[in-house]
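Comments concern the structure below.
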Amino acid sequence: MLVVLERHPTNQVPNNSISDLTDLQERFFLLQRESSKQKIAHIFLIEGFASTGKGSILQSLTIRLDPRKFKVYSPYVDQSEDRGYPFLWNFWRVVPRYGEFLFYLNTYYSRLAYLRCEKKINLAEYDHRLLSILNTERILSKDKIIVHKFFLHISKKDQKKRLEDSKKKKKEWELSRFDKDQGEHYNRYFEIFDSILSSSRTIDSPWQIISCDKKDDTKLLVFEAILERLERILQFDSRSALQSINHGMELIP
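Written out as structure tokens, the structure is:
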């Protein structure tokens with residue numbers, strides 16, 4: 001039974017406009033700096049359907065950040081790099097230090113969805129791996145490494161259009177085999193992702209579902225969701241801090 005994606009609106013409207021993007025990026029940098037001061041690490045899971053602009057969103061998120069204090073991890077979902085090791089072995093190797101950011105694309109959730117869709121694991125293995133993920137996220141969150149989960153949602157119609165546009169513009173090289181597989185089996189992945197989202201919502205690491213019908217709006221919605229969550233966790237008002245800097249009350253590096 002579908003319980004998450006089907007009920008989620010795909011016409012979300014951001015509170016900011018694209019002209020506010022620079023300010024949002026500056027505020028994100030200030031929150032990165034505050035996280036470093038408080039020695040709290042953050043893992044941002046950028047998950048979702050193919051052709052939702054994850055790469056462009058990542059570029060907007062990281063362009064103003066201190067490059068010494070964040071890293072990006074984006075493994076191939078359809079290629080196993082952990083044979084002979086536990087399911088989360090690769091992920092544990094890139095867990096950030098206290099005060100640092102990790103942006104995680106093609107996450108263990110995508111890997112799990114792919115394995116289930118291709119019937120490469122049985123239900124018992126699927127349940128075991130999902131439990132391992134949830135236990136890992138809980139342990140990390142209790143130890144000052146906060147996991148933020150964002151799912152980029154797009155309709156079947158819009159995804160098909162974007163995949164066709166990539167083909168027309170000879171940009172198919174941007175698409176992985178996993179992306180193409182999603183395009184061919186959208187309904188199947190929809191059900192699997194819906195099940196994963198429903199089973200992995202927790203108090204410590206809830207999912208935030210972002211509409212991707214309009215690319216600029218998607219960037220703004222992701223920024224707004226991240227800033228709101230970081231400000232609450234860090235007890236830090238990035239808007240006021242930026243205003244103080246703009247008024248010359250503080251110097252920004």
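No gaps in the numbering here: position 162 of the sequence shown is 162 in the UniProt record's numbering, and each next residue is one more. Glycine included, each C-beta is placed from N, C-alpha and C at the ideal position.
Taking C-beta to C-beta, are Thr-107 and Cys-212 nearer than 8 Å?
Mapped onto the sequence shown, residue 107 falls at position 107. Mapped onto the sequence shown, residue 212 falls at position 212. No, Cβ-Cβ distance for Thr-107 and Cys-212 is not below 8 Å.
For Lys-144, which option in Tyr-98, Leu-105, Tyr-186, Asp-179 has the closest C-alpha, if you only look at C-alpha atoms?
In the sequence shown, the residue the question calls residue 144 occupies position 144. For Lys-144, the nearest C-alpha among the options comes from Tyr-98.
With a threshold of 8 Å, are at least 3 pairs of Cβ atoms found where one atom belongs to the segment 202-216 and the other to the segment 147-158? yes
Cα-Cα separation between Glu-224 and Glu-47, rounded to whole angstroms: Position 224 of the sequence shown, counted from the start, is the residue given in the question as residue 224. Position 47 of the sequence shown, counted from the start, is the residue given in the question as residue 47. Glu-224 and Glu-47: Cα-Cα distance of roughly 17 Å.
Can you tell me which residues form a DSSP beta bridge with Phe-44? Numbered from 1 along the sequence shown, position 44 holds the residue referred to as residue 44. In DSSP, Phe-44 forms a bridge with Phe-103, His-148.
Q: Would you decide whether Gln-59 is buried or exposed? Buried here means 16 or more other CB atoms lie within 10 Å of its CB.
A: Mapped onto the sequence shown, residue 59 falls at position 59. Exposed is the call here.
Please report whether the beta-carbon of Phe-28 lies at a distance below 8 Å from any beta-carbon of chain D. Absent here is chain D; the protein component of the structure consists of one chain.
* Asked: When the distance is taken between beta carbons, is Thr-62 closer than 8 Å to Phe-70?
  -> The residue labelled residue 70 in the question sits at position 70 within the sequence shown. The residue labelled residue 62 in the question sits at position 62 within the sequence shown. In this structure, Thr-62 lies closer than 8 Å to Phe-70 by Cβ.
Measure the Cβ-Cβ separation of Pro-14 and Leu-221 and say whether it is below 8 Å. Here residue 14 is taken as the residue at index 14 of the sequence shown, counted from 1. Here residue 221 is taken as the residue at index 221 of the sequence shown, counted from 1. Closer than 8 Å, so yes.
Own chain partners of Phe-44 with C-beta closer than 8 Å, once the 5 adjacent residues on each side are dropped: Within the sequence shown, residue 44 is the residue found at index 44, counting from 1. Excluding sequence neighbours, Phe-44 sits near Leu-61, Phe-101, Leu-102, Phe-103, Tyr-104, His-148, Phe-150, Ile-226.
Own chain, CB closer than 6 Å to Val-4, minus 5 neighbours either side, in chain order:
In the sequence shown, counting from the first residue as 1, residue 4 sits at position 4. Hits under 6 Å: Asp-194, Leu-197, Ser-198.
*Backbone secondary structure at Lys-157 - three-state DSSP*: Sequence index remark: in the sequence shown, residue 157 carries index 157 (1-based). Lys-157 falls in the helix class under three-state DSSP.
**Q.** Opening and closing residue of the alpha helix (DSSP H) in which Ser-238 lies
**A.** What you label residue 238 is simply residue 238 of the sequence shown in a count that begins at 1. Per DSSP, Ser-238 belongs to the alpha helix (DSSP H) from 238-246.
- If you draw a straight line from the C-alpha of Thr-202 to the C-alpha of Asp-158, how long is it? Your numbering for residue 202 matches position 202 in the sequence shown. Your numbering for residue 158 matches position 158 in the sequence shown. When rounded, the distance between both Cα atoms is 29 Å.
field: For Tyr-186, the three-state DSSP class (helix, strand or coil)
entry: Here residue 186 refers to the residue found at position 186 when the sequence shown is read from its first residue. In the structure shown, Tyr-186 sits in a helix (DSSP, three-state: H, G or I).
Using CA coordinates, which residue listed in Gly-248, Leu-242, His-247 is at the minimum distance from Thr-22?
Stepping through the sequence shown from its first residue, residue 22 is reached at position 22. Cα-wise, what sits closest to Thr-22 is Leu-242.
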